[in-house]
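A.B. asks: Residue numbers (our numbering), protein chains in the order written: chain S, 612 to 895; chain F, 3 to 304. My structure is below; once you've seen it, I'll send some questions.
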């Protein structure tokens with residue numbers, strides 16, 4: 612299937628799809644509204660038949676605004692129906708750029724998390740819950756997961772715990788417990804051509820990192836393109852089935868309110884996704 | 003016995019993982035599937051638990067009616083309040099569920115973001131189940147056999163889906179014929195917005211391939227707290243039935259099987275209780291705290 616015809620036309624060749632589909636997609640390429648299909652399936656090559664990463668990543672895609680709004684309001688309605696008043700919904704904007712799922716397998720080396728059906732970039736619930744949990748462990752429990760699990764009932768109620776920790780110590784709740792706070796997937800609130808853009812990393816000492824060579828100026832830099840999300844807001848939704856009162860730092864408050872505080876702190880101070888240490892993944 | 007019948011329609015708002023245990027393939031945690039067709043399904047037992055929980059979240063665990071309709075549950079009766087009201091806790095529930103069967107499966111398309119595919123087998127089965135539930139049967143399109151014999155063809159609901167008279171699903175293209183009437187007909191049962199813009203009927207063979215190969219696989223990792231990087235050996239793959247999948251199940255009710263009846267007079271009043279109290283959104287399956295398995299549920303009224 613990677614056998615590519617040489618065409619004299621301006622359009623690059625699409626590989627990895629059957630020939631009849633190839634011709635159809637070519638006529639439509641700038642209008643494909645499912646970005647995931649465009650990015651993961653309709654891969655473009657240059658005239659020599661090599662995958663053209665840059666044009667494969669070209670970000671022009673138009674997602675129907677009406678569909679996006681419908682899906683967001685569906686999530687909000689679901690939260691309302693499931694949790695009643697025990698829900699919080701808030702919107703945060705990406706400060707600079709966001710990368711989720713950079714390391715996922717892809718023919719283009721680098722990747723991005725795209726919704727399985729709608730094909731737009733989003734932040735899965737597990738990424739949010741994982742980041743918030745790590746943030747809390749890092750800043751409130753000195754990066755010691757076991758300390759959090761064994762000493763804090765509130766931590767266990769929020770994120771869940773097993774009866775025993777990995778080193779067989781009793782958790783603060785002393786039972787297997789599924790966390791009480793539900794972290795929904797966060798969808799972007801608007802999508803246009805500007806939202807997905809191409810970024811670059813340029814490791815200068817690749818061979819040094821692979822333990823092949825000493826780090827020296829004769830090594831060649833290797834530019835690697837990847838996709839980032841920028842210029843949009845995300846809608847975050849949290850909920851609990853029951854109102855649970857907890858204590859935190861000598862204050863009494865609802866578990867949901869605490870989860871909201873932690874999530875906002877994580878988004879604004881700790882970042883989410885890849886490369887947070889160099890400024891990606893922060894929200895305001 | 004279980005003489006009142008209805009059809010409950012379920013549409014995934016978020017991906018759903020109703021698991022069947024561990025497996026040694028690429029996917030560590032696959033979803034439940036039917037043995038004879040390989041179509042995704044939800045076991046009645048998994049469903050009953052989820053539905054009971056939804057009722058409990060709404061009415062409270064210690065609601066007598068829930069114990070009468072779904073059967074007595076010791077764990078949901080911590081103070082033994084229900085036990086003292088009931089003379090006998092050994093009785094069957096008054097509601098019965100079938101497995102949930104797949105009717106529409108979402109597939110990405112370059113035009114219109116996604117389409118809902120179904121197939122002759124799924125449609126005929128749905129038609130039979132409509133009959134069992136005492137609902138009016140569908141008017142199935144005559145061309146169904148044609149598609150079955152020519153898997154490279156399909157029937158679509160609208161011209162809007164087509165590119166040069168062809169329908170593209172993921173990377174595959176199909177020769178399409180348009181049938182707006184059937185989509186409208188099916189809409190009258192399902193009341194799913196946009197169905198008349200997104201319905202595609204493909205052959206059983208093609209449908210089976212998509213429901214087997216196009217489910218969502220989510221790779222989960224754990225982050226090491228001291229290094230902030232992915233923890234080794236903590237990687238696993240979970241399979242999900244994607245958002246926008248549409249399933250349905252048959253619901254049957256019987257009169258209460260206990261001498262205590264609460265306000266229930268007959269099987270009809272049990273069905274009314276279920277219909278009146280069923281929340282619009284329910285959570286089914288694993289990873290509830292990650293917002294997975296949220297479905298929109300409603301009884302089919304034709």
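Beta carbons: idealized from backbone N, C-alpha and C, even for Gly.
(1) Out of curiosity, what's the CA-to-CA distance linking residue 118(F) and residue 201(F)?
(2) Contact check, residue 124(F) vs residue 212(F) under 8 angstroms by CB: the rounded distance?
(3) Residues of chain S with a CB under 8 angstroms from the CB of residue 42(F): which are they?
(4) Which residue marks the beginning of the alpha helix (DSSP H) containing residue 296(F), and which one marks its end?
(5) Can you give me the Cβ contacts of residue 744(S) inside the same chain, cut-off strictly under 7 angstroms, excluding the 5 residues immediately before and after it?
(6) Counting only Cβ pairs nearer than 7 angstroms, list the residues of chain S close to residue 59(F).
(7) For residue 826(S), count neighbouring Cβ atoms within 10 angstroms of its own Cβ and tell me buried if that reaches 16, exposed if not.
(8) Going by DSSP, what residues sit across from residue 35(F) in a beta bridge?
(9) Okay, do the stretch 254-269 of chain F and the stretch 82-96 of chain F touch, 3+ Cβ pairs below 8 angstroms being the bar?
(10) On a CA-only basis, which of 779(S), 746(S), 750(S) is nearest residue 900(S)? Give me that one, please.
(11) Enumerate in chain order the residues of its own chain whose CB-to-CB distance from residue 817(S) is below 6 angstroms, with the five nearest sequence positions on each side excluded.
(12) Just how far apart, CA to CA, sit residue 655(S) and residue 634(S)?
(13) Quick check on this structure: which residue in 756(S), 733(S), 663(S) has the alpha carbon closest to the alpha carbon of residue 798(S)?
(14) Counting Cβ pairs, one atom from each stretch, are 3 or more of them under 8 angstroms apart for the stretch 843-862 of chain S and the stretch 676-694 of chain S?
(15) Can you round the beta-carbon distance between residue 725(S) and residue 892(S) to whole angstroms, since I take them to be within the 8 angstroms contact cut?
(16) Using the Cα positions of residue 911(S) and residue 241(F), report the straight-line distance between them to the nearest angstrom.
(17) Output, in chain order, the set of chain F residues within a Cβ distance shorter than 7 angstroms of residue 728(S).
(18) As a quick exercise: from 627(S), 632(S), 674(S), 641(S), pick the residue whose alpha carbon is nearest that of residue 661(S).
(19) Please go through the same chain and pick out, in chain order, the residues whose beta-carbon is closer than 8 angstroms to the beta-carbon of residue 878(S), but skip the five residues on each side of it.
(20) I need the DSSP call for residue 242(F), collapsed to helix, strand or coil.
(21) Should the stretch 640-656 of chain S be called in touch with the stretch 686-700 of chain S, which here means at least 3 C-beta pairs below 8 angstroms?
(22) For a quick check, are the C-beta atoms of residue 784(S) and residue 758(S) less than 8 angstroms apart?
(23) Which of helix, strand or coil does DSSP assign to residue 126(F)?
(24) By how many angstroms is the C-alpha of residue 841(S) removed from the C-alpha of residue 138(F)?
(25) Within 10 Å of its beta-carbon, does residue 737(S) have 16 or more other beta-carbons around it, so buried, or fewer, so exposed?
(26) Between 835(S), 676(S), 890(S), which has its C-alpha nearest residue 813(S)'s C-alpha?
(27) Let me check understanding here. Comparing Cα to Cα, which of 253(F), 163(F), 106(F) lies closest to residue 122(F)?
(28) As an exercise, report each continuous beta strand (DSSP E) stretch of at least 3 residues that is fully enclosed by the stretch 638-668 of chain S, in chain order.
(29) Quick test of your reading: residue 6(F) and residue 273(F), contact by CB under 8 angstroms. State the CB separation rounded to the nearest angstrom.
(30) Among the residues of its own chain, which have a CB less than 7 angstroms from the CB of residue 625(S), if the five just before and after it don't count?
(31) Starting from residue 315(F), trace the alpha helix (DSSP H) both ways and give me its first and last residue.
(32) Kindly list, in the order they appear in chain F, the residues whose Cβ is closer than 8 angstroms to that of residue 737(S).
(33) Whose C-beta lies closer than 8 angstroms to the C-beta of residue 111(F) among residues of the same chain, with five residues either side of it excluded?
(34) With a threshold of 8 angstroms between beta carbons, is residue 15(F) in contact with chain S?
(35) With 16 other CB atoms within 10 Å as the buried threshold, where does residue 32(F) fall?
(36) Please give the ranges of any alpha helix (DSSP H) in the stretch 111-199 of chain F, keeping only runs that are unbroken, at least 4 residues long and fully inside the region.
C.D. replies: Once the coordinates are examined:
(1) Against the second chain, residue 118(F) aligns to sequence position 116. Against the second chain, residue 201(F) aligns to sequence position 199. Whole-angstrom Cα-Cα distance: 5 angstroms.
(2) Your numbering for residue 124(F) matches position 122 in the second chain. Your numbering for residue 212(F) matches position 210 in the second chain. That belief does not hold up - the Cβ atoms of residue 124(F) and residue 212(F) are roughly 12 angstroms apart, past 8 angstroms.
(3) Residue 42(F) sits at position 40 when you count from the first residue of the second chain. In chain order: nothing, as chain S lies at least about 14 angstroms away.
(4) Here residue 296(F) is taken as the residue at index 294 of the second chain, counted from 1. From DSSP, residue 296(F) is part of no alpha helix (DSSP H) but of the beta strand (DSSP E) over 296-301.
(5) Mapped onto the first chain, residue 744(S) falls at position 133. These residues qualify, in order along the chain: 770.
(6) On the second chain, position 57 is the one that residue 59(F) refers to. Within chain S, the residues near residue 59(F) are 852.
(7) Numbered from its first residue, the first chain carries residue 826(S) at position 215. It is exposed - the Cβ of residue 826(S) has fewer than 16 other Cβ atoms within 10 Å.
(8) Stepping through the second chain from its first residue, residue 35(F) is reached at position 33. DSSP, once it has assigned bridges, lists 42(F) as partnering residue 35(F).
(9) yes
(10) This structure leaves residue 900(S) out entirely; chain S is present only between 612 and 895.
(11) Within the first chain, the letter at position 206 stands for residue 817(S). 833.
(12) In the first chain, the residue the question calls residue 655(S) occupies position 44. In the first chain, the residue the question calls residue 634(S) occupies position 23. Those two C-alpha atoms are separated by around 13 angstroms.
(13) In the first chain, the residue the question calls residue 798(S) occupies position 187. Selected option, being the one with the closest Cα: 733(S).
(14) yes
(15) In the first chain, residue 725(S) corresponds to position 114, counting from 1. In the first chain, residue 892(S) corresponds to position 281, counting from 1. Their Cβ separation, rounded to whole angstroms, is 17 angstroms, which puts residue 725(S) and residue 892(S) out of contact at 8 angstroms.
(16) Residue coverage of chain S in this structure runs from 612 to 895, which leaves residue 911(S) outside it and unanswerable.
(17) Mapped onto the first chain, residue 728(S) falls at position 117. Chain F residues near residue 728(S): 108, 110, 116, 244, 245, 246.
(18) As a first step, residue 661(S) is located in the first chain; it is residue number 50 there, counting from the start. Residue 661(S) has its Cα closest to that of 627(S), out of 627(S), 632(S), 674(S), 641(S).
(19) To locate residue 878(S), count along the first chain from 1; it is residue 267. Answer for residue 878(S): 703, 847, 893, 894, listed in chain order.
(20) Position 240 of the second chain, counted from the first residue, corresponds to residue 242(F). It is a strand residue.
(21) no
(22) Here residue 784(S) refers to the residue found at position 173 when the first chain is read from its first residue. Here residue 758(S) refers to the residue found at position 147 when the first chain is read from its first residue. No, the Cβ-Cβ distance between residue 784(S) and residue 758(S) is not below 8 angstroms.
(23) Residue mapping note: residue 126(F) aligns to position 124 of the second chain, counting from 1. Helix at residue 126(F).
(24) Position 136 of the second chain, counted from the start, is the residue given in the question as residue 138(F). Position 230 of the first chain, counted from the start, is the residue given in the question as residue 841(S). Distance between the alpha carbons of residue 138(F) and residue 841(S): 51 angstroms.
(25) As a first step, residue 737(S) must be located in the first chain, where it is residue number 126. The residue is buried, with at least 16 neighbouring Cβ atoms inside 10 Å.
(26) For the purposes of this step, residue 813(S) is taken as residue 202 along the first chain, with counting starting at 1. Comparing Cα positions, the closest option is 835(S).
(27) Position 120 of the second chain, counted from the first residue, corresponds to residue 122(F). For the residues 253(F), 163(F), 106(F), the minimum Cα distance to residue 122(F) belongs to 106(F).
(28) 654-656
(29) Taking the first residue of the second chain as position 1, residue 6(F) is located at position 4. Taking the first residue of the second chain as position 1, residue 273(F) is located at position 271. Residue 6(F) to residue 273(F), Cβ: 4 angstroms. Contact.
(30) Here residue 625(S) refers to the residue found at position 14 of the first chain. Counting only Cβ-Cβ distances below 7 angstroms, and skipping sequence neighbours, we find 633, 636, 637, 653, 654, 655.
(31) Nothing can be reported for residue 315(F): it is not among the residues displayed for chain F, which extend from 3 to 304.
(32) Counted from its first residue, the first chain places residue 737(S) at position 126. What residue 737(S) touches in chain F: 220, 222, 289, 292.
(33) Taking the first residue of the second chain as position 1, residue 111(F) is located at position 109. Cβ within range, chain order: 117, 163, 169, 170, 171, 172.
(34) The sequence position of residue 15(F) within the second chain is 13, counting from 1. Taking Cβ atoms only, chain S reaches closer than 8 angstroms to residue 15(F), which makes this a yes.
(35) The count along the second chain starts at 1 and reaches residue 32(F) at position 30. Looking at its Cβ environment, which holds 16 or more other Cβ atoms inside 10 Å, residue 32(F) is buried.
(36) 122-134, 146-151, 182-192
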